[in-house]
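Mapping of the sequence shown onto this note's numbering: residues 22 to 156, in sequence order.
Down below is the structure, laid out as structure tokens.
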Amino acid sequence: MAHAIIELQTKLILALKNDAQLVSYLGSDAIFDAPPERKKAPFVAIIRHDIISKDGDETPTNEHRILLHARHNHVSRKSVLEIVDRVLYVALNQDLSSANLHVTYASHIKTETMIDNKSSTALATISLRILSEPI
Numbered sequence: 022m023a024h025a026i027i028e029l030q031t032k033l034i035l036a037l038k039n040d041a042q043l044v045s046y047l048g049s050d051a052i053f054d055a056p057p058e059r060k061k062a063p064f065v066a067i068i069r070h071d072i073i074s075k076d077g078d079e080t081p082t083n084e085h086r087i088l089l090h091a092r093h094n095h096v097s098r099k100s101v102l103e104i105v106d107r108v109l110y111v112a113l114n115q116d117l118s119s120a121n122l123h124v125t126y127a128s129h130i131k132t133e134t135m136i137d138n139k140s141s142t143a144l145a146t147i148s149l150r151i152l153s154e155p156i
């Protein structure tokens, strides 16, 4: 069995890559489970994934804190927020459970945006909280 982080990231990335609307915003080969090297915007990448293991009364639980970057190749907060909206839709509405991990809860913590004048891009940071239990 893979680590809970790998299990959940694999399902999340697959769900994002299979979303036609998100792919239409980003193009192909623009969704990553780690920050890409030398990849120009637009793209979405998981930049951090922390896990807190909690021992419940009968069932152990994992609290995942996932941080994603969405970057758009125009200095447009509106454009990057369209990507954010789609990432949130997929992350919060798709079943991210796997053969070894049952996702019981998913929520959006916050989104932060900024305009990077140096690279002429818009950036959004998306924070998610997801609870899971091993199967």
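From the three backbone atoms N, C-alpha and C, an ideal C-beta is built for every residue, glycine too.
The C-alpha of GLU79 is placed about 30 angstroms away from the C-alpha of VAL111. Rounded to the nearest whole angstrom, the C-alpha separation of ILE68 and ALA25 is 16 angstroms.
The Cβ atoms of LYS32 and ILE52 lie no closer than 7 angstroms to each other. Note that the C-beta distance between LEU122 and GLU28 is below 7 angstroms. At a Cβ-Cβ threshold of 7 angstroms, ILE104 and ALA120 do not count as neighbours. Per DSSP, reduced to three states, the secondary structure at ARG86 is strand.
Assignment of ASP76 by DSSP, reduced to helix, strand and coil, places it in the strand class.
ARG59 sits exposed, since fewer than 16 C-beta atoms from the chains shown fall within 10 Å of its C-beta.
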